[in-house]
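Asker: Residue numbers (my numbering): 101 to 196. All C-beta atoms in this analysis are idealised placements derived from N, C-alpha and C, irrespective of residue type, glycine included. The structure's right below; bear with me while I get my questions together.
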Amino acid sequence: MDTRMTKRGNFSDKFKAAVALEALRGDKTVQEIAAKRQLHPTQVSTWKRQAIEGMAGVFSDKIKKAENKDGEIKELHAKIGQLAVENNFLSQGLKG
């Protein structure tokens, strides 16, 4: 009976993306990639599947909406700043 404990690997997102991209290219089999990178073939297949499923998000309107929100927030911050200056100016005029 083998009582050794195996340590689970923690891989960076960049590494996972590189492995998934290599698998998507199709130049090598999943087994070849797994052997080269010292991974289990199931792990390579999982990252490949996740990459394919996540690819639709790259072209999604959600990203565009988030970018538009960032621009809108900047505009609102500028408007708040402008109103604060105007308010300060008007309050100084009332005092004087």
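Could you check the C-alpha separation between I152 and V119 for me, to the nearest Å?
Answerer: By 1-based counting over the sequence shown, the position of residue 152 is 52. By 1-based counting over the sequence shown, the position of residue 119 is 19. When rounded, the distance between both Cα atoms is 13 Å.
Asker: Helix, strand or coil, according to DSSP, for K128 in the structure here?
Answerer: What you label residue 128 is simply residue 28 of the sequence shown in a count that begins at 1. In this structure, K128 counts as coil in the three-state DSSP scheme.
Asker: Excluding the five sequence neighbours on either side, which residues of its own chain have a C-beta within less than 7 Å of the C-beta of T103, listed in chain order?
Answerer: Residue 103 sits at position 3 when you count from the first residue of the sequence shown. Unreliable placement is indicated for T103, whose pLDDT of 43 sits below 50; the coordinate value is still reported in the next sentence. Excluding residues within five positions, none has a Cβ falling inside 7 Å.
Asker: Alpha carbon to alpha carbon, how far is Q131 from G154?
Answerer: Indexing the sequence shown from 1 puts residue 131 at position 31. Indexing the sequence shown from 1 puts residue 154 at position 54. For Q131 and G154, the distance between alpha carbons rounds to 23 Å.
Asker: I need the boundaries of the alpha helix (DSSP H) containing G154, first residue and last residue.
Answerer: Here residue 154 is taken as the residue at index 54 of the sequence shown, counted from 1. Run containing G154: 141-158, per the alpha helix (DSSP H) assignment.
Asker: What do you get for I173, buried or exposed, if any count of 16 or more other CB atoms within 10 angstroms of its CB means buried?
Answerer: Residue mapping note: residue 173 aligns to position 73 of the sequence shown, counting from 1. It is exposed - the Cβ of I173 has fewer than 16 other Cβ atoms within 10 Å.
Asker: Rounded to a whole number of angstroms, what is the C-alpha to C-alpha distance between A123 and F111?
Answerer: For the purposes of this step, residue 123 is identified with residue 23 of the sequence shown, where counting begins at 1. For the purposes of this step, residue 111 is identified with residue 11 of the sequence shown, where counting begins at 1. Each residue's alpha carbon lies about 16 Å from the other.
Asker: Note down the Cα distance separating L176 from R149, rounded to an integer number of angstroms.
Answerer: Position 76 of the sequence shown holds residue 176. Position 49 of the sequence shown holds residue 149. The alpha-carbon atoms of L176 and R149 are separated by roughly 40 Å.
Asker: Please state the DSSP three-state secondary structure of Q138.
Answerer: Indexing the sequence shown from 1 puts residue 138 at position 38. Coil, per DSSP.
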